[in-house]
Ligand SMILES: Cc1ncc(COP(=O)(O)O)c(C=O)c1O
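What follows is the structure, encoded as structure tokens:
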């Protein structure tokens, strides 16, 4: 057994996976208890009366090209949220195993672990710059099954240092998976670490179409990992996880012209991020604007509550982190259209 599979839950390794109806488009389907006719008005390509292909080949190949990784290293799911959930389920025994998170960070790592009954060891990011506590993470990771890292990190916005991430992978090889969530990578200008999976077999990368590709509603996330890990997760992903409407939308909306538009919009978001950063930094109500490599800014206000209300009265919601540890007074502002950004800036100025 590979050192990766040795980390998995023994009962999952022994599990007989659900046998879904064979996927064989060369035959007509009388084997999946579907209706033989489409619903009235169903104009989809595949027909919504039919179950979708498990791990649809066309979608997997599109994601493999988009992220420049071999299709065999890739699992597609309903958002990276599903990938986080599958990882925790496959590797953590309830009441026995743990995961490591580095707060302040994306909240779902902890929630997914708790749902599975796994403990959460927190190794906070260090100092005002929210840097990785590499030694602390390695120490905690040696007692855990999965280390969750997020780069650029939500909600702080900064990239984590690549040498630190790789040092953690190296130190924990054979002991824990290192799940690097790159949900916001496209806004950072940095290349994905997915190309390093061959050298670091315990590295798992998460990518999503929800941010840079403007497809949050389609629910499509991709996990990239060593083939053993991908094969294990395929055993537990629910039978027909990806709706055929998602497959059709994603194939249509990630063609070359959409990719070019996406790149152009990312440039606009980055310009707007910088414009907002400068404007906010000069406002008396603002204590600190944190540097960002993502499509949002974390901002510390003198009075977060009244700023939040000012945003609302201008019809705009921003995310309140003001009561979270280390984020006192902080709000997270997603960069919007230039008009929305201007409206928010005006409201904050008035507040
Ligand atoms: C860091 C991070 N990871 C994952 C997700 C979830 O992404 P998805 O829409 O692919 O499930 C989010 C959503 O905000 C996020 O901020």
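Numbering (the working numbering), first residue to last: 363 to 713. All residues carry an ideal CB built from backbone N, CA and C; glycine is no exception.
I need the DSSP call for residue i, collapsed to helix, strand or coil.
| i | result |
| --- | --- |
| residue 681 | strand |
| residue 464 | coil |
| residue 510 | strand |
| residue 705 | helix |
| residue 699 | coil |
| residue 599 | coil |
| residue 423 | helix |
| residue 527 | helix |
| residue 473 | helix |
| residue 710 | helix |
| residue 450 | helix |
| residue 694 | strand |
| residue 592 | helix |
| residue 481 | strand |
| residue 391 | coil |
| residue 641 | helix |
| residue 668 | helix |
| residue 616 | coil |
| residue 428 | helix |
| residue 604 | coil |
| residue 631 | helix |
| residue 433 | helix |
| residue 624 | helix |
Determine the direct distance from the alpha carbon of residue j to that of residue i, and round the result to whole angstroms.
| i | j | result |
| --- | --- | --- |
| residue 650 | residue 375 | 49 Å |
| residue 478 | residue 488 | 28 Å |
| residue 496 | residue 527 | 8 Å |
| residue 377 | residue 578 | 32 Å |
| residue 636 | residue 700 | 12 Å |
| residue 481 | residue 469 | 14 Å |
| residue 702 | residue 709 | 11 Å |
| residue 564 | residue 524 | 15 Å |
| residue 559 | residue 624 | 26 Å |
| residue 452 | residue 713 | 48 Å |
| residue 672 | residue 552 | 35 Å |
| residue 390 | residue 582 | 28 Å |
| residue 615 | residue 436 | 20 Å |
| residue 675 | residue 693 | 16 Å |
| residue 498 | residue 516 | 20 Å |
| residue 367 | residue 711 | 55 Å |
| residue 395 | residue 535 | 45 Å |
| residue 411 | residue 493 | 50 Å |
| residue 719 | residue 508 | Any property of residue 719 remains undetermined from this structure, which presents the chain solely from 363 to 713. |
| residue 610 | residue 407 | 7 Å |
| residue 449 | residue 595 | 7 Å |
Who pairs with residue i in a beta bridge, going by DSSP?
| i | result |
| --- | --- |
| residue 584 | 438, 569 |
| residue 650 | 662 |
| residue 610 | Its beta-bridge partners do not exist; DSSP assigns none. |
| residue 497 | According to DSSP, residue 497 bridges with nothing at all. |
| residue 400 | Bridge partners of residue 400: none, in fact. |
| residue 488 | 493 |
- Stretch pair the segment 593 to 610 + the segment 415 to 428: three plus CB contacts closer than 8 Å: Enough Cβ pairs lie closer than 8 Å, so yes.
- Message: Tell me whether the segment 620 to 640 and the segment 455 to 472 touch, counting them as touching only if at least three CB pairs, one residue from each stretch, are closer than 8 Å.
- Response: A contact is defined here as three or more CB-CB pairs under 8 Å, and the segment 620 to 640 fails this definition with respect to the segment 455 to 472.
- Item | Any 3 or more C-beta pairs closer than 8 Å across the segment 628 to 643 and the segment 423 to 433 | The segment 628 to 643, when compared against the segment 423 to 433, does not touch it at the 8 Å Cβ threshold.
- Counting only runs of 3+ residues fully inside the segment 530 to 579, write out the beta strand (DSSP E) ranges in chain order. Correct list: 539 to 543, 565 to 570.
- Query: Are three or more beta carbon pairs between the segment 538 to 556 and the segment 683 to 691 nearer than 8 Å?
  - Reply: Taking one beta carbon from each stretch, the segment 538 to 556 and the segment 683 to 691 have fewer than 3 pairs nearer than 8 Å; the two do not touch.
- Message: Could you check whether the segment 583 to 602 touches the segment 662 to 670, counting it as contact only if at least three pairs of C-beta atoms, one from each stretch, sit closer than 8 Å?
- Response: At 8 Å Cβ cutoff, the stretches do not touch.
- Query: Taking any heavy atom of ligand 3 as the mark, which residues have a C-beta closer than 6 Å to it, listed down the chain?
  - Reply: What this structure holds is ligand 1, not ligand 3.
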